[in-house]
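**Student:** Handing you a structure now.
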Amino acid sequence: VKDSDATPVRKMAIPDAQTVTEVTHWTDRLFSFRVTRPASLRFRSGEFVMIGLMGEPDPKTGKQKPLLRAYSIASPSWDEELEFYSIKVQDGPLTSRLQHIQPGDEIILRPKPVGTLVHDALLPGKRIWFFATGTGFAPFASLLRDPQTYEDYDEVIITHTCREVGELEYGRKLIEEIRADEMLNELIGAENLAKLRYYPTTTREESPKMGRITDLMRSGEVFADLGVEPINPETDRAMVCGNLAFNLEIKELLEGYGLEEGANSDPKQYVVEKAFLD
Ligand code: A2P
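Residue 105 in UniProt numbering sits at position 99 of the sequence shown; the count goes up by one each step and never skips.
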């Protein structure tokens, strides 16, 4: 067999392969990466796709199966590439390996976007709250760069609670970029971007605002800090993405304010999605 006849085994073994273009490590627990975008992939801001790597060969059959997890698309729908924001779990089946990807490597990306953190799942309102913990910021990184977010609401508030200051960096930088980026200012409109409020908090390291967002809501501190009325089902809409305990707690709080959970087929006042943990 001549070299030129050799089958590109690696490529053929990976269905739905996309190429990694950029990797950024934010902390020892967090990284983000960009991959090529399948030409046919359309998605709504806030949706997720299944991505992953080929699993280790089965010891008996030698067969490899894809190892996939749900990842929110962090890039806006108008972006040429796709961006993802991920935790690194040292013994996590996927992220223990995914954290080592480098530009030029291939990952699997099933081009079937789905999810509930979409504008279609909410009724019209005046103010939208995005509540995130940890890597739950990812879907909002997409939604915050979507012109519709600002067209639909008079006020856009993103809260992000992390353990440590370094874990806020991806979000902080993105907000800074949104405010400074000329193209985004043109696309979204400077007067629209002025609607964006950012409320970062930490729980285990000193920062200007400490505490879990849920506690800050209960005490009323977040509303006082932002100078807004407490959440009201007439005016306020919310999207939630974080760890399971957080999601459950904030659901209860939102229901307490009188908001009801919506879905694509039945839009209401708030929606929730679990941030992926390997
Ligand atoms: P805490 O440090 O008090 O546990 P994680 O990295 O474990 O996913 O957590 C991300 C952030 O979410 C942390 O700041 C954590 O605070 C916070 N968090 C965890 N559980 C809850 C909850 N039930 N309600 C609000 N925040 C929570």
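Beta carbons are placed, not taken as given, at the ideal position from N, Cα and C, and that holds for glycine.
Going by Cα to Cα distance, which pick from Ala244, Pro82, Asp187 is closest to Leu150?
**Tutor:** Reading the sequence shown from its first residue, position 144 is the one you call residue 150. Looking at the Cα atoms, Pro82 is the closest of the given residues.
**Student:** Counting pairs of Cβ atoms below 8 Å between the stretch 153 to 164 and the stretch 254 to 271, do you hit three or more?
**Tutor:** Contact fails: fewer than three Cβ-Cβ distances are below 8 Å.
**Student:** If Phe39 and Ile107 are in contact, beta carbons under 8 Å, what's the gap, nearest whole angstrom?
**Tutor:** For the purposes of this step, residue 39 is taken as residue 33 along the sequence shown, with counting starting at 1. For the purposes of this step, residue 107 is taken as residue 101 along the sequence shown, with counting starting at 1. Between Ile107 and Phe39 the Cβ distance is about 6 Å, and since that is below 8 Å, they are a contact.
**Student:** Flag this pair as yes or no: are the beta carbons of Met245 and Phe136 separated by less than 8 Å?
**Tutor:** Here residue 245 refers to the residue found at position 239 when the sequence shown is read from its first residue. Here residue 136 refers to the residue found at position 130 when the sequence shown is read from its first residue. Yes; because the gap between Cβ atoms is below 8 Å, this pair is in contact.
**Student:** Given that a residue counts as buried once 16 or more other Cβ atoms are within 10 Å of its Cβ, and exposed if not, what is Gly233?
**Tutor:** Taking the sequence shown and counting its residues from 1, one reaches residue 233 at position 227. That one is exposed.
**Student:** Alpha carbon to alpha carbon, how far is Ile20 from Glu183?
**Tutor:** For the purposes of this step, residue 20 is identified with residue 14 of the sequence shown, where counting begins at 1. For the purposes of this step, residue 183 is identified with residue 177 of the sequence shown, where counting begins at 1. Cα-Cα distance, rounded: 35 Å.
**Student:** Using three-state DSSP, classify His125 as helix, strand or coil.
**Tutor:** Here the question's residue 125 lines up with position 119 in the sequence shown. His125: helix per DSSP, three-state reduction.
**Student:** For Gly142, tell me which candidate among Thr167, Asp126, Arg178 has the shortest Cα-Cα distance.
**Tutor:** Residue 142 sits at position 136 when you count from the first residue of the sequence shown. That would be Thr167, whose Cα lies nearest to the Cα of Gly142.
**Student:** Quick check on the burial criterion: 16 or more other C-beta atoms within 10 angstroms. Buried or exposed for Leu250?
**Tutor:** Within the sequence shown, the letter at position 244 stands for residue 250. So Leu250 counts as exposed.
**Student:** Assuming Leu74 contacts Met56 under a Cβ cut-off of 8 Å, what Cβ separation, rounded to an integer in Å, is found between them?
**Tutor:** In the sequence shown, the residue the question calls residue 74 occupies position 68. In the sequence shown, the residue the question calls residue 56 occupies position 50. Yes, they are in contact, since the Cβ atoms of Leu74 and Met56 sit about 4 Å apart, within 8 Å.
**Student:** Which of helix, strand or coil does DSSP assign to Ile181?
**Tutor:** As a position in the sequence shown, residue 181 is number 175, starting the count at 1. In the structure shown, Ile181 sits in a helix (DSSP, three-state: H, G or I).
**Student:** Could you say if the stretch 208 to 227 and the stretch 118 to 128 meet the contact criterion of at least three C-beta pairs nearer than 8 Å?
**Tutor:** Counting Cβ pairs under 8 Å, fewer than three are found: no touch.
**Student:** Runs of 4 residues minimum, wholly inside the UniProt domain "FAD-binding FR-type" (19 to 126): which ones carry the alpha helix (DSSP H) assignment?
**Tutor:** Whole alpha helix (DSSP H) segments, 4+ residues: 101 to 104.
**Student:** May I ask you to verify whether the stretch 158 to 173 touches the stretch 269 to 284, counting CB pairs closer than 8 Å and requiring at least 3?
**Tutor:** As far as the Cβ criterion goes, the stretch 158 to 173 does not touch the stretch 269 to 284, which means the pair count is below three.
**Student:** When DSSP labels each residue in this structure, what does Val234 get in the three-state scheme?
**Tutor:** As a working mapping, residue 234 is identified with position 228 in the sequence shown. Residue state, collapsed to three classes: coil.
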